[in-house]
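For the sequence shown, position 163 (counting from the first letter as 1) is numbered 163 according to my numbering, and the numbering increases by one without interruption. Each remark here refers to the structure printed beneath this line.
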Amino acid sequence: MVNVSADIQWQIIRKTSSFLRRQRGIPKHFSRERFNIKGVNSIRFNGLVHKKGLDIQASPDGKGIVVAVKKRNSDNIFCKVHKKQRKEDENQRADVMNITFELMSLPIRLLADRYMKGLRKTYFPSRSNVSVTLKKNSRKSLKSVKNIARSYQNAHKGLVQKRASQLLRSLKPVASRRGRHVRKAEV
1 MVNVSADIQW
11 QIIRKTSSFL
21 RRQRGIPKHF
31 SRERFNIKGV
41 NSIRFNGLVH
51 KKGLDIQASP
61 DGKGIVVAVK
71 KRNSDNIFCK
81 VHKKQRKEDE
91 NQRADVMNIT
101 FELMSLPIRL
111 LADRYMKGLR
121 KTYFPSRSNV
131 SVTLKKNSRK
141 SLKSVKNIAR
151 SYQNAHKGLV
161 QKRASQLLRS
171 LKPVASRRGR
181 HVRKAEV
């Protein structure tokens, strides 16, 4: 579904998605897919059909939050590690191609060169999602989330911050309330 518009994708998955959660007595349907900040089944918040997205979850170790970013293209500020890896991959391909070019005839060399140019333009889904773990105090984490959300939809900025603050609040240890001290009856 790469070349299909978001509207057509939504028409296909809106009633048949495996992420749908329905509850009796509640007319609104919920959705559990990644990059759906509000958790509601609607085109506005759907994480599958949009090219860009943000997702916030509690970290597995219970210390901090994980902010996942779905990018439109694989060149972004979060992708420094992937850029380095991509350069290494291209260098390895170039070394292999230089060795095999010497053994090929001219028409096959031209085809191989076109193929290699096509490989450089391929889309890497695993590299389009980048996760950042924020383990700072809550104020710094919320500021970081705000800065990350700045480049995404304006309507979702408030939701992203609200979700992050809810998660950070839930990760705090609950202070146990001291009950009344009951004296034991003397016998």
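The beta-carbon is built from N, C-alpha and C at its ideal position, and this holds for glycine as well. Model, not experiment: these values are computed from the prediction.
For S5, three-class secondary structure by DSSP: In the sequence shown, residue 5 corresponds to position 5, counting from 1. DSSP places S5 in coil when its eight states are reduced to three.
Just checking, does the region 47 to 60 make contact with the region 141 to 160 on the three C-beta pairs under 8 Å criterion? Taking one beta carbon from each stretch, the region 47 to 60 and the region 141 to 160 have 3 or more pairs nearer than 8 Å; the two touch.
Can you give, in chain order, each stretch of the beta strand (DSSP E) that sits fully within the region 9 to 39 and has at least 3 residues? You should have found no qualifying run.
Delimiting residues of the beta strand (DSSP E) encompassing V69: Taking the sequence shown and counting its residues from 1, the one referred to as residue 69 is at position 69. Where V69 is concerned, the enclosing beta strand (DSSP E) stretches over I65 to K70.
Considering only residues of the same chain and omitting the five flanking positions on each side of K63, which have a CB-CB separation below 8 Å? One-based indexing of the sequence shown puts residue 63 at position 63. Here the set comprises K135 and L171.
For the alpha helix (DSSP H) containing G158, name the first residue and the last one. Taking the first residue of the sequence shown as position 1, residue 158 is located at position 158. Bounds of the alpha helix (DSSP H) holding G158 are N154 to L171.
Flag this pair as yes or no: are the beta carbons of H29 and N41 separated by less than 8 Å? The residue labelled residue 29 in the question sits at position 29 within the sequence shown. The residue labelled residue 41 in the question sits at position 41 within the sequence shown. Going by C-beta atoms, H29 is nearer than 8 Å to N41.
Taking the beta carbon of D75 as the centre, do at least 16 other beta carbons fall within 10 Å, making it buried, or is it exposed? Mapped onto the sequence shown, residue 75 falls at position 75. Unreliable placement is indicated for D75, whose pLDDT of 43 sits below 50; the coordinate value is still reported in the next sentence. That one is exposed.
Short Cβ contact (8 Å threshold) for S141 with A164: Stepping through the sequence shown from its first residue, residue 141 is reached at position 141. Stepping through the sequence shown from its first residue, residue 164 is reached at position 164. Yes, they are a contact pair.
Assign I56 to one of three DSSP states: helix, strand, or coil. Here residue 56 is taken as the residue at index 56 of the sequence shown, counted from 1. Strand at I56.
State the DSSP-derived secondary structure class of S131, mapped to helix, strand or coil. Taking the sequence shown and counting its residues from 1, one reaches residue 131 at position 131. Secondary structure at S131: strand, using DSSP grouped into helix, strand and coil.
Could you tell me the distance, in whole angstroms, from the CA atom of K70 to the CA atom of K15? Against the sequence shown, residue 70 aligns to sequence position 70. Against the sequence shown, residue 15 aligns to sequence position 15. K70 and K15 have their C-alpha atoms some 24 Å from each other.
Just how far apart, CA to CA, sit T122 and T133? The residue given as residue 122 occupies position 122 in the sequence shown. The residue given as residue 133 occupies position 133 in the sequence shown. Any answer about T122 is weak, because its pLDDT of 48 lies below 50 and its placement is not dependable; what the coordinates show is given next. Rounded to whole angstroms, T122 to T133 spans 28 Å at the Cα level.
So, helix, strand or coil for R139, using DSSP? Your numbering for residue 139 matches position 139 in the sequence shown. In this structure, DSSP gives R139 a helical state, which the three-state scheme calls helix.
Report the rounded CA-to-CA distance for W189 versus V67, giving the unit in angstroms. Not covered by the structure: residue 189. The range shown for the chain is 1 to 187.
Excluding five sequence neighbours on each side, which residues of the same chain lie with their C-beta closer than 8 Å to the C-beta of S59? As a working mapping, residue 59 is identified with position 59 in the sequence shown. Counting only residues of its own chain and dropping the five nearest sequence neighbours on each side, S59 has a CB closer than 8 Å to the CB of I65, V66, T133 and K135.
Backbone secondary structure at S151 - three-state DSSP: Here residue 151 is taken as the residue at index 151 of the sequence shown, counted from 1. In the structure shown, S151 sits in coil (DSSP, three-state: anything other than H, G, I, E or B).
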